[in-house]
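What follows is a single structure, written as structure tokens, with notes after it.
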Amino acid sequence: MARINRNFLKLQGSYLFSEVANRVKQYQQMHPDKEIIRLGIGDVTLPLVPAVTDALQAAVREMGHAETFRGYAPEQGYEFLRETIALHDFKEHGCEISADEIFVSDGAKCDCGNIQEIFDEASIVAVCDPVYPVYVDTNVMAGRTGKYDKALGKYERIVYMPCTKENHFVPEFPETVPDLIYLCFPNNPTGEAITKEQLQAWVDYANVHESVILYDAAYEAYISSDAPHSIYECEGAKTCAIELRSFSKKAGFTGVRLGFAVVPRELERDGVSLRDLWMRRQGTKYNGTPYIVQRAGEAVYSAQGKREIEEQIAFYMRNAKTILAGLKEAGYEAYGGVDSPYIWLKTPRNLSSWEFFDVLLNEAGIVGTPGSGFGPSGEGYFRLTAFGTYENTKKAMEKIRQL
Ligand code: PLP
27 MARINRNFLK LQGSYLFSEV ANRVKQYQQM HPDKEIIRLG IGDVTLPLVP
77 AVTDALQAAV REMGHAETFR GYAPEQGYEF LRETIALHDF KEHGCEISAD
127 EIFVSDGAKC DCGNIQEIFD EASIVAVCDP VYPVYVDTNV MAGRTGKYDK
177 ALGKYERIVY MPCTKENHFV PEFPETVPDL IYLCFPNNPT GEAITKEQLQ
227 AWVDYANVHE SVILYDAAYE AYISSDAPHS IYECEGAKTC AIELRSFSKK
277 AGFTGVRLGF AVVPRELERD GVSLRDLWMR RQGTKYNGTP YIVQRAGEAV
327 YSAQGKREIE EQIAFYMRNA KTILAGLKEA GYEAYGGVDS PYIWLKTPRN
377 LSSWEFFDVL LNEAGIVGTP GSGFGPSGEG YFRLTAFGTY ENTKKAMEKI
427 RQL
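Positions in the sequence shown are counted from 1; adding 26 to them yields the numbering used here.
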């Protein structure tokens with residue numbers, strides 16, 4: 027008899043967004059004529075820029091001609107894209123990453139979820155708390171955790187590293203030394219970045235303990251401060267860190283799908299190159315990312331692409347600034363919003379995250395995301411995002427001021 031992977035049964039399901047949808051539906055049924063402003067959106071809302079759509083169309087035409095048609099893509103990604111990434115994302119930032127250390131993928135979610143496969147089943151995993159849920163969920167599915175404790179909001183055996191206003195949303199070293207350390211900066215949901223000194227301290231820690239840092243830099247393109255764009259800006263990172271990147275929030279590729287992982291040549295554990303292991307995994311379980319998408323990715327780095335994408339990011343960040351300023355004027359404690367499209371606020375009057383969700387929805391018609399959905403340390407916090415329209419963002423802040 028076939029048996030199922032019982033680890034899947036430990037997963038808690040996507041309670042957060044289904045509960046948000048339920049409460050919004052109920053509100054709409056009770057107030058059919060009231061307007062709703064959605065500031066909980068985690069997806070981009072602006073279309074692909076012309077540089078990208080032109081490149082897509084040109085690549086589609088190539089695929090329609092015998093001389094330029096391409097079949098299976100190389101498992102590591104086309105060299106033209108990997109060389110472009112190595113130059114613009116790394117060399118220009120002073121990082122020595124070569125094209126053969128870059129693995130093109132269909133997005134960071136897959137890489138964040140799959141990268142754990144090359145590590146031992148018994149690895150101790152540490153995550154920032156709160157954080158993007160994929161890191162924990164995929165380790166649950168892989169059997170690295172015990173049961174979920176509903177009262178604590180935690181899985182047994184996962185090391186949760188609280189990120190709160192007290193530590194400026196950057197985790198301290200945990201008591202238990204982890205084997206795998208997921209760091210995400212700028213962070214979803216807190217929106218806060220890490221300083222180079224803080225990141226260097228984590229790199230040093232990982233090198234001393236021979237842990238591996240899995241560094242999710244999906245929001246790197248939003249950095250406006252002097253925060254590091256890549257972990258490889260830190261000395262010694264190539265012997266302890268894998269970095270994951272995405273074109274989703276950077277260039278509107280959420281529906282097109284493109285990302286990459288950096289697995290440095292120097293990175294070894296148990297005397298084995300992790301790059302070789304990842305290469306083996308790509309060769310067996312990965313179908314490649316379409317040629318046309320990789321050409322679209324290349325166009326992101328052209329002079330026109332860079333200009334057009336900068337404008338999009340500026341558009342979202344104007345919303346972020348409006349939210350941050352609006353909240354502060356209204357007397358809220360608010361964080362993030364400078365290096366990322368996320369604004370993280372402390373709920374007023376000690377309301378729980380869900381209590382504040384209801385207040386905001388029922389009294390102002392605004393939908394956001396309760397912080398507790400991202401981990402136990404998110405309780406008492408709330409996430410707003412900059413992906414709405416400017417008009418709605420301004421209107422929402424007016425309503426919040428009047429609450
Ligand atoms: N990493 C973080 C921190 C995210 O917030 C997201 C998406 O919201 C992703 C990765 C997923 O990126 P992609 O669209 O490339 O799969």
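The beta carbon of each residue, even a glycine, is placed where N, CA and C say it ideally should be.
Under 7 angstroms between the Cβ atoms of residue i and residue j?
| i | j | result |
| --- | --- | --- |
| Ala81 | Arg333 | no |
| Ile349 | Gly217 | no |
| Phe139 | Val157 | Reading the sequence as shown, one finds Gly at residue 139 and not Phe. No, the Cβ-Cβ distance between Gly139 and Val157 is not below 7 angstroms. |
| Tyr245 | Ser366 | yes |
| Cys260 | Val229 | yes |
| Ile67 | Ala152 | no |
| Leu371 | Phe400 | no |
| Ile392 | Ala351 | no |
| His114 | Tyr327 | yes |
| Leu74 | Gly278 | yes |
| Ser256 | Val364 | no |
| Phe286 | Ile128 | yes |
| Val162 | Ile141 | no |
| Val203 | His235 | yes |
| Arg291 | Arg306 | no |
| Ala253 | Ala219 | yes |
| Ile62 | Tyr258 | no |
| Pro402 | Lys176 | no |
| Ala267 | Tyr241 | yes |
| Asp155 | Tyr186 | yes |
| Thr373 | Phe382 | yes |
| Leu377 | Tyr53 | no |
| Gly309 | Glu101 | yes |
| Ala125 | Glu109 | yes |
| Leu72 | Gln428 | no |
| Val50 | Thr280 | no |
I'd like the span of the alpha helix (DSSP H) that includes residue i, first residue to last.
| i | result |
| --- | --- |
| Lys425 | 416-427 |
| Asp302 | 300-311 |
| Val46 | 41-56 |
| Val166 | 160-167 |
| Lys347 | 329-355 |
| Leu107 | 105-111 |
| Val229 | 222-235 |
| Glu389 | 379-390 |
| Cys138 | 134-140 |
So, under 8 angstroms CB-CB, residue i and residue j are touching, yes? Tell me the CB distance rounded to an integer number of Å.
| i | j | result |
| --- | --- | --- |
| Thr315 | Val196 | Wrong, their Cβ atoms sit about 33 angstroms apart, outside the cutoff. |
| Ile318 | Ala85 | 4 angstroms |
| Leu284 | Gly323 | 5 angstroms |
| Gly406 | Ser379 | 6 angstroms |
| Val78 | Ala360 | The Cβ separation is near 33 angstroms, so there is no contact. |
| Ala390 | Lys425 | 4 angstroms |
Counting along the chain, where does the beta strand (DSSP E) carrying residue i start and finish?
| i | result |
| --- | --- |
| Glu88 | Segment 76-89 is the alpha helix (DSSP H) holding Glu88; no beta strand (DSSP E) there. |
| Arg409 | 407-411 |
| Arg321 | No beta strand (DSSP E) holds Arg321; the alpha helix (DSSP H) holding it covers 317-325. |
| Lys276 | Looking at the DSSP string, Lys276 is not in any beta strand (DSSP E); the run it does join, the alpha helix (DSSP H), is 274-277. |
| Phe129 | 128-131 |
| Lys372 | 368-372 |
| Ala209 | Ala is not the amino acid found at residue 209; the sequence shown has Leu there. Unbroken beta strand (DSSP E) run through Leu209: 206-210. |
| Leu240 | 238-242 |
| Asp146 | Unbroken run through Asp146: none, as it is neither H nor E. |
| Asp155 | 151-155 |
| Ile184 | 184-188 |
| Ala287 | 285-288 |
| Gly404 | Note, Gly404: premise wrong, no beta strand (DSSP E); not H, not E. |
| Tyr98 | Looking at the DSSP string, Tyr98 is not in any beta strand (DSSP E), and its letter there is neither H nor E. |
| Gly362 | 360-362 |
> Hey, which residues come within less than 6 angstroms of the ligand SAM, measuring from Cβ to any heavy atom, in chain order?
Replying inline: Absence of the ligand SAM from the depicted structure is noted, with the ligand PLP being the only ligands included.
> Is it a yes or a no for the segment 145-155 touching the segment 165-181, going by three-plus beta-carbon pairs under 8 angstroms?
Replying inline: Touching, per the Cβ criterion.
> Just checking, does the segment 408-416 make contact with the segment 335-346 on the three C-beta pairs under 8 angstroms criterion?
Replying inline: Output reads yes: the segment 335-346 touches the segment 408-416.
> Using 8 angstroms as the threshold, is the segment 242-257 in touch with the segment 265-273, meaning 3 or more CB pairs across them?
Replying inline: Contact check between the segment 242-257 and the segment 265-273: three or more CB pairs, one atom from each, fall below 8 angstroms, which counts as touching.
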